[in-house]
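Let me begin by presenting the structure, written as C-alpha coordinates, before commenting on it.
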Amino acid sequence: MSDHGPVARPAHGAVTQVHGVERLARLDYSPDLDGLADPGEVVWAWVPFEDDPAVGKDRPLLVVGRAGRFLLALMLSSKPHDSADWLDLGSGAWDHDGRPSWLRLDRVYELHENDLRREGAVLAPERFGRVVDALRARGWR
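The numbering of the sequence shown is the numbering used here, which starts it at 0 and goes up by one.
Structure (C-alpha coordinates):
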(Lines of atoms letter the chains of each structure in order from A; the text may use other names.)
(Lines give C-alpha, C1' and ligand atoms only; values in the text may rest on other atoms or scores of the structure.)
Protein backbone atom coordinates (compact mmCIF):
# COMPACT_ATOMS: atom_id res chain seq x y z
CA MET A 0 0.00 0.00 0.00
CA SER A 1 1.37 3.32 -0.96
CA ASP A 2 1.36 6.14 1.57
CA HIS A 3 1.80 9.46 -0.15
CA GLY A 4 0.31 11.47 2.72
CA PRO A 5 -2.90 13.48 2.97
CA VAL A 6 -4.47 15.26 0.03
CA ALA A 7 -7.57 17.45 -0.29
CA ARG A 8 -10.89 15.88 -1.21
CA PRO A 9 -11.03 15.47 -5.00
CA ALA A 10 -13.90 16.92 -7.02
CA HIS A 11 -14.79 13.37 -8.09
CA GLY A 12 -13.81 9.98 -6.80
CA ALA A 13 -14.26 10.31 -3.03
CA VAL A 14 -15.97 7.54 -1.08
CA THR A 15 -18.69 8.14 1.49
CA GLN A 16 -19.01 6.37 4.82
CA VAL A 17 -22.44 4.79 5.30
CA HIS A 18 -24.21 3.51 8.39
CA GLY A 19 -26.71 0.70 8.90
CA VAL A 20 -25.97 -0.82 5.50
CA GLU A 21 -25.55 -4.33 6.88
CA ARG A 22 -29.31 -4.87 6.62
CA LEU A 23 -29.45 -3.65 3.02
CA ALA A 24 -26.43 -5.35 1.52
CA ARG A 25 -25.97 -8.95 0.57
CA LEU A 26 -22.43 -10.25 0.78
CA ASP A 27 -21.25 -11.60 -2.52
CA TYR A 28 -18.05 -13.05 -3.98
CA SER A 29 -17.81 -12.51 -7.73
CA PRO A 30 -14.38 -11.13 -8.67
CA ASP A 31 -13.55 -10.61 -12.33
CA LEU A 32 -10.64 -8.30 -13.23
CA ASP A 33 -12.50 -6.89 -16.21
CA GLY A 34 -12.08 -3.19 -15.49
CA LEU A 35 -15.25 -3.07 -13.38
CA ALA A 36 -15.10 -3.54 -9.62
CA ASP A 37 -16.73 -6.65 -8.20
CA PRO A 38 -17.15 -8.08 -4.70
CA GLY A 39 -13.99 -9.91 -3.71
CA GLU A 40 -11.66 -7.39 -5.36
CA VAL A 41 -9.35 -4.91 -3.67
CA VAL A 42 -9.64 -1.50 -5.33
CA TRP A 43 -8.17 1.92 -4.63
CA ALA A 44 -10.16 5.11 -3.97
CA TRP A 45 -9.80 8.38 -2.09
CA VAL A 46 -10.91 7.88 1.54
CA PRO A 47 -11.44 10.81 3.96
CA PHE A 48 -9.63 10.91 7.30
CA GLU A 49 -11.79 10.30 10.37
CA ASP A 50 -10.72 13.51 12.12
CA ASP A 51 -10.94 15.78 9.03
CA PRO A 52 -13.18 14.57 6.18
CA ALA A 53 -11.94 17.39 3.93
CA VAL A 54 -8.57 15.62 3.79
CA GLY A 55 -7.74 12.00 3.04
CA LYS A 56 -5.69 9.76 0.80
CA ASP A 57 -5.93 6.97 -1.74
CA ARG A 58 -6.43 3.71 0.11
CA PRO A 59 -7.12 0.10 -0.73
CA LEU A 60 -10.70 -1.04 -0.14
CA LEU A 61 -12.17 -4.54 -0.28
CA VAL A 62 -15.44 -4.60 -2.21
CA VAL A 63 -17.86 -6.83 -0.26
CA GLY A 64 -21.18 -6.21 -1.99
CA ARG A 65 -23.52 -3.86 -3.78
CA ALA A 66 -26.41 -1.64 -2.73
CA GLY A 67 -28.21 -0.68 -5.92
CA ARG A 68 -25.77 1.08 -8.26
CA PHE A 69 -23.17 1.49 -5.54
CA LEU A 70 -20.35 -0.71 -4.32
CA LEU A 71 -19.88 -1.35 -0.61
CA ALA A 72 -16.31 -1.63 0.59
CA LEU A 73 -14.16 -1.89 3.71
CA MET A 74 -10.85 -0.11 4.22
CA LEU A 75 -7.50 -1.89 4.46
CA SER A 76 -4.54 -0.66 6.49
CA SER A 77 -0.93 -1.79 6.65
CA LYS A 78 -0.70 -0.62 10.28
CA PRO A 79 -1.22 -3.45 12.79
CA HIS A 80 -4.50 -3.36 14.74
CA ASP A 81 -5.57 -5.73 17.50
CA SER A 82 -9.09 -4.37 18.09
CA ALA A 83 -12.15 -6.54 17.43
CA ASP A 84 -13.08 -3.99 14.75
CA TRP A 85 -10.14 -5.13 12.60
CA LEU A 86 -9.53 -8.45 10.82
CA ASP A 87 -6.01 -9.62 9.98
CA LEU A 88 -6.03 -10.32 6.22
CA GLY A 89 -2.35 -11.06 5.75
CA SER A 90 -0.46 -9.88 2.70
CA GLY A 91 -1.62 -9.75 -0.89
CA ALA A 92 -0.96 -8.43 -4.37
CA TRP A 93 -2.61 -5.09 -3.48
CA ASP A 94 0.54 -4.16 -1.52
CA HIS A 95 3.66 -4.06 -3.69
CA ASP A 96 5.88 -4.32 -0.60
CA GLY A 97 4.17 -7.51 0.58
CA ARG A 98 3.18 -6.00 3.94
CA PRO A 99 0.36 -7.64 5.90
CA SER A 100 -2.98 -5.83 5.91
CA TRP A 101 -5.82 -5.39 8.37
CA LEU A 102 -9.45 -4.87 7.31
CA ARG A 103 -11.61 -2.40 9.24
CA LEU A 104 -14.98 -4.03 9.91
CA ASP A 105 -16.82 -1.19 11.64
CA ARG A 106 -16.79 1.31 8.74
CA VAL A 107 -18.51 0.71 5.46
CA TYR A 108 -17.84 2.92 2.46
CA GLU A 109 -20.11 3.44 -0.50
CA LEU A 110 -18.62 4.26 -3.86
CA HIS A 111 -19.60 4.38 -7.48
CA GLU A 112 -17.44 2.51 -9.99
CA ASN A 113 -16.42 5.90 -11.40
CA ASP A 114 -14.91 6.75 -7.98
CA LEU A 115 -12.23 4.06 -8.29
CA ARG A 116 -8.64 5.03 -8.92
CA ARG A 117 -7.65 1.50 -9.92
CA GLU A 118 -8.27 -2.20 -9.38
CA GLY A 119 -5.73 -3.87 -7.14
CA ALA A 120 -6.15 -7.61 -6.77
CA VAL A 121 -8.55 -10.44 -6.06
CA LEU A 122 -8.85 -11.70 -2.49
CA ALA A 123 -8.72 -15.51 -2.35
CA PRO A 124 -12.12 -17.18 -1.73
CA GLU A 125 -11.11 -18.64 1.65
CA ARG A 126 -9.92 -15.25 2.87
CA PHE A 127 -13.12 -13.61 1.63
CA GLY A 128 -14.97 -16.34 3.57
CA ARG A 129 -13.26 -15.14 6.77
CA VAL A 130 -14.44 -11.60 5.99
CA VAL A 131 -18.00 -12.86 5.41
CA ASP A 132 -17.96 -14.75 8.72
CA ALA A 133 -16.77 -11.64 10.58
CA LEU A 134 -19.40 -9.42 8.93
CA ARG A 135 -22.24 -11.91 9.50
CA ALA A 136 -21.30 -11.93 13.18
CA ARG A 137 -22.03 -8.17 12.99
CA GLY A 138 -25.50 -8.62 11.47
CA TRP A 139 -24.79 -8.69 7.72
CA ARG A 140 -26.70 -11.22 5.64
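All residues carry an ideal CB built from backbone N, CA and C; glycine is no exception.
Model, not experiment: these values are computed from the prediction.
- Task: Take Val63 as the anchor and find which of Leu110, Asp114 and Pro99 has the nearest alpha-carbon.
- Result: What you label residue 63 is simply residue 64 of the sequence shown in a count that begins at 1. The candidate whose alpha carbon is nearest that of Val63 is Leu110.
- Task: With DSSP collapsed to three states, give me the class of Val134.
- Result: To locate residue 134, count along the sequence shown from 1; it is residue 135. Note that residue 134 is Leu in the sequence shown here, rather than Val. Helix, per DSSP.
- Would you give the residue range spanned by the beta strand (DSSP E) that Arg116 belongs to? Here residue 116 refers to the residue found at position 117 when the sequence shown is read from its first residue. No beta strand (DSSP E) holds Arg116; DSSP gives it neither H nor E.
- Query: Between His80 and the rest of its own chain, which residues show a CB-CB distance below 7 Å, the 5 nearest in sequence each way excluded?
  - Reply: As a position in the sequence shown, residue 80 is number 81, starting the count at 1. Counting only Cβ-Cβ distances below 7 Å, and skipping sequence neighbours, we find Trp101.
- Supposed close pair Leu70, Glu118 - CB separation, criterion 8 Å: Here residue 70 refers to the residue found at position 71 when the sequence shown is read from its first residue. Here residue 118 refers to the residue found at position 119 when the sequence shown is read from its first residue. About 12 Å; that fails the 8 Å criterion.
- Distance between Pro59 and Leu73 (C-alpha atoms, nearest Å): The sequence position of residue 73 within the sequence shown is 74, counting from 1. The sequence position of residue 59 within the sequence shown is 60, counting from 1. So the alpha carbons of these two residues sit roughly 9 Å apart.
- On a CA-only basis, which of Leu122, Glu49, Ala120 and Gly34 is nearest Tyr108? Give me that one, please. Here the question's residue 108 lines up with position 109 in the sequence shown. Nearest option by C-alpha distance: Glu49.
- Message: With DSSP as the reference, identify every bridge partner of Ala92, one or two as the case may be.
- Response: The residue you call residue 92 lines up with position 93 of the sequence shown. Paired residues: none, contrary to the question.
- Task: Measure the C-alpha to C-alpha separation of Gly39 and Ala123 and round it to an integer number of angstroms.
- Result: As a first step, residue 39 must be located in the sequence shown, where it is residue number 40. As a first step, residue 123 must be located in the sequence shown, where it is residue number 124. Each residue's alpha carbon lies about 8 Å from the other.
- Query: Who are the Cβ neighbours of Lys78 in its own chain at under 6 Å, not counting the five residues just before and after it?
  - Reply: Locating residue 78 in the sequence shown gives position 79, where the first residue counts as 1. Closer than 6 Å at Cβ, skipping near neighbours: no residue.
- Message: Please classify Ala36 as buried or exposed, where buried requires at least 16 neighbouring CB atoms within 10 angstroms.
- Response: As a first step, residue 36 is located in the sequence shown; it is residue number 37 there, counting from the start. By the 10 Å Cβ count, Ala36 comes out buried.
- Item | Buried versus exposed, by CB contacts within 10 Å (16 or more), Asp84 | The sequence position of residue 84 within the sequence shown is 85, counting from 1. So Asp84 counts as exposed.
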